[in-house]
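Numbering (my numbering), first residue to last: 3 to 600. Note that CB positions come from ideal geometry on N, CA and C, so glycine has one too.
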């Protein structure tokens, strides 16, 4: 039995709904937020809590029919019910177009309460059909089994009474003691498989007479390790940061600081603040369509779009997205979603199929990349500063993507907004990680402090102590740097989950390269899954923001942004477009979509 049914417009207006039991949470709102707004219509179904949601679209009228039921009690008539309700609802309601071109629904009654009786009748028809199909399948299976039993009984009756089944004689039995027919049958059978290694055991080892070999075999063999050279011993000792440095050791911090200032600080005369947008021009003119997008111009003027008409141009757009570095499976799902949303929709006269698909894809990408939560961390920090509690941001990601540099850029951004920042050195695994952060802190100047406890310590405990210390000293922000880890490294992923669960940061940022395509999906999926698996709470904290590095090296191949946002549903907070502290940008959705569709 179903738990609920809802009919609503794509714009959000609920036309009719019915619930048979009180629903836990709001499945309809979750469906709109997680499926419609993220263009996941290519999914066959959607799971939320203990519910499964199925839907049917009427693209011509902009309607969505949604059925909700328990995942463990799936009704057999759910899909049939959606089709029947859609057909009956459209038949009973008259749709016209207003002057502005928007579809309007006109019912004979003042509301849609009269549809309840029709819905119950349609539900009864769907249940009856499902029962008939089940009975038909059951009877077919029964007849098939009966036929098999009759067939087997006929084979057994062919054997004469009292006749014993013919047996294969023993292989060691002499041929003269069996009949010729049985002997021929036995010879035609495949030989039994020999046990592996049996032939080697049956053979006698050959005697070796060589004197040196005989002498060597009489002594037990031992494994000798080649003594390491002096240079190798020095290299290993240099990697050990647990012991204090020798008394005569002098670290040239001034040289490191000079190098970092030349590399990261803006040059003289350069603007010393982070730009607020990736592109200041939101209204970039769309270039003339050419190449692949002009291939289907001949299909202009069609009235109703069918799946067979759309599939060829969808394939061209799919290949185009992959060439822009969108992950293959994401491109497949995205184009399937666009295909589903356009099938059955009427197209304006003198409008090409290419422009229609392009416009639908542009809208889908805009919906995907538009943040559904605030990305203004400055406002969030200001609100929490009034509570006298530091705002905590944790950075995570794979090895070598630029987590520490992105953290330093964010610190520079926050310092320019007047916040006091403490950096927690929780990368206690990589040699030189603490020294790198210490040099960044000296390069950034006043208003920032480094909290570290050296190497080999528990990262979760270091972060907790840093947050406690920042609260005592009234710091506004704590930026937590973590060790780079591959998504398949379970011990390090378990340590990251522990750090997140113990400290519950305000934001958990994933730092990834803009160059990656399919790897981005694998990294983000496994990071989130590891956070779910290794946190014991009922509501584990997951990645809620993305920072893309090396964004200046990809030109218009910005597909990794689509892959990451589509995978997690979380926004891109910053992108790195260079090496200096000022090379940090906020993402403008319109400019990102224009670059992708260029």
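Worksheet item: Between which two residues does the alpha helix (DSSP H) carrying residue 479 extend?
Response: Careful: residue 479 lies outside any alpha helix (DSSP H), inside the beta strand (DSSP E) at 479–483.
Worksheet item: How is residue 348 classed by DSSP in three states: helix, strand or coil?
Response: strand
Discussion item. For the region 397–406 against the region 483–497, do three or more pairs of beta-carbon atoms, one drawn from each stretch, fall closer than 8 Å, so that the two count as touching?
Written reply: yes
Item to complete: Alpha carbon to alpha carbon, how far is residue 71 from residue 77? Give it in angstroms, no decimals.
Response: 8 Å
Worksheet item: Going by Cα to Cα distance, which pick from 23, 5, 38 is closest to residue 14?
Response: 38
Practice prompt. Could you check what DSSP says for residue 34 in three-state terms: helix, strand or coil?
Written response: helix
Worksheet item: Can you list, in chain order, the residues of its chain whose CB lies under 8 Å from that of residue 25, leaving out five sequence neighbours each side?
Response: 5, 6, 53, 70
Fill in: Option nearest residue 530 by Cα separation, candidates 416, 125, 572
572
Worksheet item: In chain order, what residues of the same chain have a beta carbon less than 6 Å from the beta carbon of residue 396, not counting five sequence neighbours either side?
Response: 482, 507, 510
Worksheet item: What's the C-alpha gap between residue 295 and residue 366?
Response: Unreliable positioning characterises residue 295 in this predicted model, as indicated by a pLDDT of 47, which lies under 50. The coordinate reading is nonetheless provided below. Straight-line Cα distance between these residues: approximately 17 Å.
Practice prompt. Output the boundary residues of the alpha helix (DSSP H) element that contains residue 495.
Written response: 492–505
Worksheet item: Just to confirm, are residue 79 and residue 129 a CB contact at a threshold of 9 Å?
Response: yes
Worksheet entry | Rounded separation between residue 112 and residue 546 - CA only | For residue 112, the predicted structure reports a pLDDT of 45, less than 50, and the residue's modelled location is therefore unreliable. The matter cannot be settled from this model.
Discussion item. Less than 6 Å between C-beta atoms, sequence neighbours within five positions excluded: which residues of the same chain meet that for residue 340?
Written reply: 362, 363, 366
Discussion item. Which same chain residues end up closer than 8 Å to residue 348 when comparing Cβ atoms and leaving out the 5 residues on each side of it in sequence?
Written reply: 62, 305, 306, 307
Worksheet item: With a CB to CB cut of under 7 Å and the five nearest residues on each side skipped, what residues in its chain are close to residue 85?
Response: 58
Fill in: Coarse secondary structure for residue 568, derived from DSSP in three states
helix
Fill in: Endpoints, the beta strand (DSSP E) within which residue 19 is located
16–21
Worksheet item: Quick check: the region 469–477 against the region 368–385, are there 3 or more CB pairs under 8 Å?
Response: no
Worksheet item: Out of 429, 441, 330, which has the shortest C-alpha to C-alpha gap to residue 462?
Response: 429
Fill in: Exposure of residue 493, with buried meaning 16 or more beta-carbon neighbours within 10 Å
exposed
Discussion item. Measuring only the C-alpha atoms, how far is residue 320 from residue 438?
Written reply: 43 Å
Discussion item. When you compare the CB positions of residue 318 and residue 390, do they come within less than 9 Å of one another, or not?
Written reply: no
Worksheet item: So, helix, strand or coil for residue 414, using DSSP?
Response: helix
Item to complete: State the Cα-Cα distance for the pair residue 141 and residue 81, rounded to the nearest angstrom.
Response: 23 Å
Practice prompt. Name the two residues that bound the continuous alpha helix (DSSP H) containing residue 437.
Written response: 435–446
Practice prompt. Run the CB neighbour count on residue 75, radius 10 Å, all protein chains shown included, and call it buried at 16 or more, exposed below.
Written response: exposed
Worksheet item: For residue 85, which three-state DSSP category applies?
Response: helix
Discussion item. So, at 7 Å on beta carbons, what are the nonlocal neighbours of residue 66 in its own chain, with the 5 sequence-adjacent residues on each side left out?
Written reply: 10, 12, 57, 59
Discussion item. What does the alpha-carbon distance come out to for the pair residue 444 and residue 335?
Written reply: 47 Å
Practice prompt. Report the three-state DSSP secondary structure of residue 47 (helix, strand or coil).
Written response: coil
Practice prompt. Express the C-alpha separation of residue 564 and residue 521 in angstroms, rounding to a whole number.
Written response: 13 Å
Worksheet item: Going by C-alpha distance, which of 532, 559, 503 is nearest residue 515?
Response: 559
Worksheet entry | residue 48 versus residue 554 - alpha carbon distance | 37 Å
Fill in: Candidates 375, 357, 434, 124: closest to residue 574 by CA position
375
Item to complete: Using the DSSP secondary-structure output, state which residues sit across from residue 6 in a beta bridge.
Response: 21, 70
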